[in-house]
Amino acid sequence: MELHGQKPTRHGFGDGLVDLGEKHDNVVVLGGDITGSVLTSLFQSRWPERFFSIGIAEQNATTIAAGLALSGKIPFFASYGAFCAFRNADQLRISVCYNEANVKIGGGHAGISVGPDGATHQVLEEMSFLRTLPHMTLLVPCDYTEARKATVAMGEMVGPAYIRFGRSPVPHFTTPDTPFEIGKAQVFRDGNDVALVACGAMVWEAMLAAEELAKSGIQARVINAPSIKPFDHATIAQAARDCGCIVTAEEHQVHAGLGGAVAESTAKNAPVPIEFVGVKDTFGGSGEPEELMEKFGLTWREIVASARVAMQRRDHGSTGVRAIKDVPTYA
Amino acid sequence: MELHGQKPTRHGFGDGLVDLGEKHDNVVVLGGDITGSVLTSLFQSRWPERFFSIGIAEQNATTIAAGLALSGKIPFFASYGAFCAFRNADQLRISVCYNEANVKIGGGHAGISVGPDGATHQVLEEMSFLRTLPHMTLLVPCDYTEARKATVAMGEMVGPAYIRFGRSPVPHFTTPDTPFEIGKAQVFRDGNDVALVACGAMVWEAMLAAEELAKSGIQARVINAPSIKPFDHATIAQAARDCGCIVTAEEHQVHAGLGGAVAESTAKNAPVPIEFVGVKDTFGGSGEPEELMEKFGLTWREIVASARVAMQRRDHGSTGVRAIKDVPTYA
Amino acid sequence: MMNAEAPTSSANTLLDFNTTTFENKRQTPAELAEIAKEIRRDIIRMLERAGSGHSGGPLGSADIFAALYFGGVMRYNPADMHWAGRDRFVLSAGHMVPVLYATLANAGCYPKAEMATLRKYGTRLQGHPGRDMGLPGIETSSGSLGQGISIAVGMAMADKLVDHNDRRVFSLTGDGELQEGSVWEAAMCASHYKLDNFCWIIDNNDCQIDGRVPDVLNVYPIEEKCASFGFDTIVVDGHDPADLVRGFDHFIKNHTSGSGKPTCIVARTFMGHGVSYMNDKFEWHGKPPTHEQAIVALEELA
Amino acid sequence: MMNAEAPTSSANTLLDFNTTTFENKRQTPAELAEIAKEIRRDIIRMLERAGSGHSGGPLGSADIFAALYFGGVMRYNPADMHWAGRDRFVLSAGHMVPVLYATLANAGCYPKAEMATLRKYGTRLQGHPGRDMGLPGIETSSGSLGQGISIAVGMAMADKLVDHNDRRVFSLTGDGELQEGSVWEAAMCASHYKLDNFCWIIDNNDCQIDGRVPDVLNVYPIEEKCASFGFDTIVVDGHDPADLVRGFDHFIKNHTSGSGKPTCIVARTFMGHGVSYMNDKFEWHGKPPTHEQAIVALEELA
Ligand SMILES: Cc1ncc(C[n+]2csc(CCOP(=O)(O)OP(=O)(O)O)c2C)c(N)n1
Ligand SMILES: Cc1ncc(C[n+]2csc(CCOP(=O)(O)OP(=O)(O)O)c2C)c(N)n1
Ligand SMILES: [Mg+2]
Ligand SMILES: [Mg+2]
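Protein chains in written order, with this note's numbering: chain A, 1018 to 1348; chain B, 1018 to 1348; chain C, 9 to 310; chain D, 9 to 310.
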C-alpha cells in the first residue's frame, strides 16, 4: 500500500454524500450549525432544497431524521461526535434504533487528533454504546477513500448507521480498488507472527509498525476493521489462530471499542493475548494533533512495543495482573 | 448463601439513600418525576428541604447536580436508566465526568425484568459507555442488601458514580456481613472447573447454575462483580487461571458490558474461552418479568448450558466461527 | 413476529370487548361523546386485564382522540393504515398508548378482541408503542418523552418541504412532557419552517406522576410559551367535542389557507375523566383499576 | 498537572501581553471602555499566537465581561478565586473562553504572560474551559452548548435553597445556544425555584457558525421567550458600559429586594466588535486573525 499524501476522513464523508446525492433523490441532509466543519456544506451547495438547517439542537435533528426516514427519505445528520452520539443518545436508542428508522449519522471530530479545541470536543467514548445498540451499523473508515466508500455504502443499506471520522489530515493510502464491504475486515498486510487490528487513522500507524517489526524479522498481519458493527468475526478468529496474539489500535478509549469487540470475539472463538492501544481511560486536552497522538500513545511506536509484549505473553505466559489502562497521559 | 425471600434492588437504593441522609447533611436528592418508582421518595419524605423536584428534564437534573456538587453538596439524581444514562449522556460525559463533579446517579428499571412497560423502558445498553467514561464509577449490585451498601459507598467516595438497579423483586441473599468494596469482586462459591462471573440479578442465577452443575460433579466458581468500574482484574485473572474458562452473565446486551470487561481483562492477563449470557443484540418487549427472563435466556439454565460449552471449548478447542450474539429473541 | 394469544374473556360481560366500530366521518358532538365513552370503556377493559399500565392520561384524553379520528379531522383508511395519502398521528406521550389502541380498534384498524393482549408477551399492543410489532396506525415507537413531537415535525417537513403534498401531521404531548427541553427544540423548528401542516395537541390535565404540574416543575403559562415559540395557540375544553372540533378546524384552516404558522391546541382536560374516583387525581397516572374498580368504572361509563 | 511554557514574546510590541491589571471596584463607564479595549487586545494577542480559536464571540462580548468583573457587579477576590463568599460566573458558551481568560488575567487572577499558552499542550488555558487544569476563576468545564447554564442554576440552588447565603450566580450563553432545548429546561427550573440570585446573560450578536441566527434556526423573539419562561427580562446595549451596568444593577435589585424572579439580560452586541473587518461577520465565529490581521486589529484597538 502506497501513501498518496494526507487528507482528512471528513472530506471523504462530504464527497461521499455528494456521490449519494447524485444517485438518490431521496437523500436529504440536516445541518447542526457546523456544516462547514463536517463538510455537509458540499451537499448543501449542490442541493440547497434537500438541505435543512436545524440549528444547535442535536436531539431534535436526530429525531427529525427519524421522522424523515419514516416518510421514505434517507436523512443524514452530521455534527461532532461529542454531540451527535452523546447529546442525542436517547434519541438514537429509541427513535432511531428501536424504530429501525433509516437514519444516517456522521460523527466528526472523533479522537484526540481534533487538537487544540481540547477534551470536550475530542470524542473517545462513543463506539462503546453505538456498537451495543441493536440494529445499529457502526463504521470507522481508515482514510479519505474508505470514508467516501463507507458513506455511500451506509446510504445504500437500509437501517440505522453511524460513521465516525476525524478532523485532521491523515495518511491517504487506499484506492477505489481496495475492497470495502460493511461487515468485513481486510488484511492489508500478511504475516503470522502477530496480528495488528486497527481502525480509523490507526490503520496507517499499524502499517508503519508492521514495517518496523519486519526489520527485526517479525511478520505482522495488519487488519483494517472499518466495520465495528457488524463485526467480522471470521477474519479476527483466523488471525488469532494464525498469529496467536493480537494488538488492537484505535483513537478511542481502550475500553469497549474496537479492542473490546476483538476481545469479545476472540474469547468466543480463539482466546489469545491481546494488547490494547488507545486512550487509557483519561480525557484529552489541547495541543497539536500530532503532539497529542504522540503524548497519548497513539503511534506506530506504541503498536510496536505492544506487539512485542503480546508475543512475549503468547510465548511465555503472563505474569502478574494488569489493568487494561495505564496511568493517564495528559499534562 | 441463603435466600431471604425476594426484594427489588431499588429498595436497597432508596434505603441506602436514607442511611446516607442520616450520616451526611450535604446529601441532596433531585427528583425526575418518578420518585416513587426509584424510591427517592423515602429520602424526600424524611428531608423535604433537601429534596428538589426538577420535573421531566434529565439533562437539566444531571447538570444541576454538577452545579450542586461544585458547591460542596453530594447530589443524587435517580430516574429510569433509559433516561438518566441516555437522555443525559452528553451531560454525564462533560459536566459530570470531565468536570470530576461529585455527582451520583441512580439508574433504575435496568434490564429486561422491567416487564410489561416494554422495550423503551428496559435499558440494556448503558453499562457499555458508563464504564468507558473516564472518572466514572459503575456499580451493579446483586440484591437488596448489596444495593443498600453500594449506595452508601458511592455517596461516601468522591467523584462521579452510577448505580444500576432493577424494578422487580429478585432473590435477597447477601447479608450485612457479606463483604462489599468498590473495585472488588467476591467469590460467592468456590470451584475450579468453570468460573461464572455475574452482576445484578444474574448472580443468584449463577448460584443456582453452580448448584445444578454440581449435580454432574462440576465445581463452578461463582464470582459476584458489582464493581464494573473500577474492575477487579486480580479476581478475574485468578479465576481464569484456576478454571480455564468463564461464563459471564448480566441483564445487559452481550456486547461491551460485564462480558466485555471480562473479555478485555482476560485478554490482557489470562486468555480463556468465555461464553456470554445476556441479551443478544435485540430490544426487549412487554411481558411478565420472569417470562421475559426465560424468553431472553437470562436464567440459570442458560448459564449451565453455557458453562458446558465453555468447558468443552477449553478442553477440545473451538470449531467454526461464532458471533457473540445469536438470533434475536422477542416474539 | 407472533401475536400474543387473547386470554379467554371474563365472566362479566361489562369487561368484554364488543365488536362495534365507528365510521371515519364527521360525527356529531353527541356521537363523539358516545364514541369517547366506548374508548374509555375499552381503556378500562384493557388495563384491568393487563394488570399494569396507565389509566389517567388515556381516560382524560379520550375526547381528544374521538374528535381527531371520528370528527372528520384526520384523513385515514382503517382498512389500509399505510395509505400514502393519510394524515399521521404521532403519540409523543407514549405511556398514553391505551387510548390510541382503543381508538384504532374502534376505528376498525385491527380486531377489537386483540385489545385483550395489551402488555402481554409477544403482543402488538406493547406497553409503550413499538413500531416493530406492526399494529396498523402505530406510526412510530415512543415512550421516552419529548421525542415523538420531533418525529412528527420531521414527518411534517417531509410532507411540506420535500414531497410538497397536502398531508397533515398531528402529535400529542402531555403537559408534564413540556418540561423536556427537546419539546422546545421541536417547537422552534416547526415555526422556523412554517409548518402549517403540523398540529401540536397538549393534553393539559395539570397532572403528572409526582403530583400537580406546577408543584413538580411549573410549566405555566403554556399559551405564552407556545406563542413565543411561533405557534398559533388556542385553548379548548378537552372534554367538549364541539370545542375540540372547532380547535381542529382552526388548524385545518391554518393549513389550507397557507398561514405559515403551526398550530398548538391546548386542551384543558382532567386526568382520569369519566371515572369519578379517578377524576383529576394524579395518583391514577400510572396504575390500572382492580377488577372491582373496573366494574365500578364501567358502570359509570355505561 | 504541568503548565505549558510561555513562548518567547514576539518582536512586535503590539503583540506582547503587558502587565497592567485593573481593580475590582465600580469603574466608570469610560474606564470600563478602556478595560474592554485591553481585553480585546489580549484576545487578539492570544488568538494570534494560538493559531486557532474563536475571535468573534469573545471580542463582541468584551464589554459585558468588563462590566461584570470591573463594574462593581461580581464580588470576587483575584488573589483567592476560591473565596467561599464569591459570586460565580459560569461560561455556558465555552467556545468564548478567550474573553474570560483575558478578563481574569486583567483582574490579576493569574499571570498575564500565561495567556501566551492558550490552546498549547499542557496549558491551563484549554481550547474550551477545563476545570481539571485549575486556572483560577474557571468554575467549571464547558464546551458542549447548553450545559453551563444548568450548572449555574444548580449553583444558584445550592446558594439560595440549601446554604441560604447571599451569593449570586451569573451565566452567559450565546444566542445560537438558545436552540439547545436544555437551555429552556434550565430556564424553567430557575423560575420554578424563584432564583432571584441568578442572572442569565444572552450575548445576542445574531450570529452563529453557519450564518445569521434567524437563517440557521430562528430564535426570535428572545425577550418573549425568556419572559414566558419566568424571567424578568431586560434588553441592553451590549457595547454601552453604562447600559450594561444598569442591567446588572437591575438584577442586583431583583436579588436584594427578594423579587423571587431570575433576571435575564439580553445584550445586543455585534460579533467581532472593535475590529472593523470582523464587525458583525459570522465568518469570524471560529477563526483567529493571521499575524498581519492581528497587527491591523491591534492598531484599531490602540
Ligand atoms: C424521557 C422520559 N423521562 C421520564 C419518563 C417517565 N414518565 C412516563 S410518563 C411521565 C409523566 C408525564 O407527565 P404528563 O406528560 O403530564 O402525562 P400524564 O401524567 O398527564 O399522563 C413520566 C415522568 C419517560 N417516559 N420519558
Ligand atoms: C452541543 C453543542 N453543539 C455544537 C457545538 C459546536 N458549536 C460551538 S460554538 C457554536 C455556535 C454557537 O453560536 P452562538 O451561541 O450564537 O455563539 P457565537 O457564534 O455568537 O459565538 C456551535 C454550533 C457545541 N460546542 N456544542
Ligand atoms: Mg399531564
Ligand atoms: Mg451568537
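For every residue, glycine included, the Cβ atom is placed at its ideal position computed from N, Cα and C.
Here the structure is a predicted model, which is why all the values come from computation and not from measurement.
- Here E1075/B is buried, its C-beta having at least 16 other C-beta atoms within 10 Å.
- For V1264/A, the enclosing beta strand (DSSP E) has its first and last residue at 1263–1270.
- Within the stretch 1112–1125 of chain B, the residues whose Cβ lies closer than 7 Å to some Cβ of chain D are S1112, Y1115, N1116, E1117, listed in chain order.
- For C1159/A, the secondary structure class from DSSP, reduced to helix, strand or coil, is coil.
- Distance from the CA of S69/D to the CA of P222/D, rounded to the nearest whole angstrom, comes to 20 Å.
- For T1026/B, the number of other beta carbons within 10 angstroms of its own is at least 16, and it is reported as buried.
- The beta carbon of P1290/A falls within 8 Å of a beta carbon belonging to chain B, placing the residue at that interface.
- Short of 7 Å from the beta carbon of P1196/A, and not among the five residues preceding or following it, lie these beta carbons of its own chain, in chain order: Q1203.
- Per DSSP, reduced to three states, the secondary structure at A1327/B is helical.
- Leaving aside the five residues that flank E1281/B on each side, none in its chain has a CB nearer than 6 Å to its CB.
- One finds G189, W192 in chain D with Cβ atoms closer than 8 Å to the Cβ of W192/C, taken in chain order.
- Across the stretch 1076–1094 of chain B, CB contacts with chain D closer than 9 Å involve Q1076, N1077, A1078, T1079, T1080, I1081, A1082, A1083, G1084, L1085, A1086, L1087, S1088, G1089, K1090, P1092, in sequence order along the chain.
- Close partners of T1057/B in chain A (Cβ separation under 9 Å) are lacking, with about 20 Å as the shortest Cβ gap.
- Residues of chain B whose Cβ lies closer than 9 Å to the Cβ of T148/D are, in chain order, A1083, G1084, L1087, S1112, N1116, A1118.
- At the C-beta level, Y129/C and S1303/B come within 8 Å of one another.
- The alpha-carbon separation between I242/C and G255/C amounts to approximately 7 Å.
- Spatial neighbours of L67/D in its own chain (CB-CB distance under 7 Å, excluding positions within 5 residues in sequence) are listed in chain order as R48, I51, G280, H281, G282, V283, M286.
- Rounded to the nearest angstrom, the gap between the Cα atoms of W1221/A and E1319/A is 13 Å.
- In terms of beta-carbon proximity, I217/C lines the interface with chain B, with at least one pair separated by less than 8 Å.
- Checking the 7 Å criterion, the Cβ of V98/C is out of range of every heavy atom belonging to ligand 3.
- Remark: C-beta atoms of E56/C and H299/C approach each other more closely than 8 Å.
- When DSSP states are grouped into helix, strand and coil, Y109/D belongs to the helix group.
- Look at F1094/B here: in three-state DSSP terms it is strand.
- Relative to the non-hydrogen atoms of ligand 3, the Cβ of C215/D never comes closer than 7 Å to any of them.
- DSSP places A1212/A within a strand segment (E or B) once states are collapsed to three.
- In this structure, ligand 1 has no non-hydrogen atom nearer than 7 Å to the beta-carbon of M1153/B.
- Per DSSP, A1178/B is not a residue of any alpha helix (DSSP H); the beta strand (DSSP E) it occupies stretches across 1178–1181.
- When secondary structure is reduced to three states using DSSP, N1286/B falls in the helix class.
- Between the stretch 1321–1333 of chain A and the stretch 1292–1311 of chain A there are three or more inter-stretch CB-CB distances shorter than 8 Å, so the stretches are counted as touching.
- For I1253/A, the secondary structure class from DSSP, reduced to helix, strand or coil, is helix.
- Taking C-beta atoms as the reference points, I230/D and D167/D fail to come closer than 8 Å.
- Rounded to whole angstroms, the gap between the alpha carbons of S1096/B and A1118/A is 26 Å.
- Contacts with chain B (Cβ-Cβ distance below 7 Å) from the stretch 220–231 of chain C involve V224, L225, listed in chain order.
- With the rule of 3 Cβ pairs closer than 8 Å, the stretch 1138–1155 of chain B does not count as touching the stretch 1225–1239 of chain B.
- Assignment of E1292/B by DSSP, reduced to helix, strand and coil, places it in the strand class.
- For the C-beta of F237/C, the chain D residues within less than 8 Å are, from N- to C-terminus, K233.
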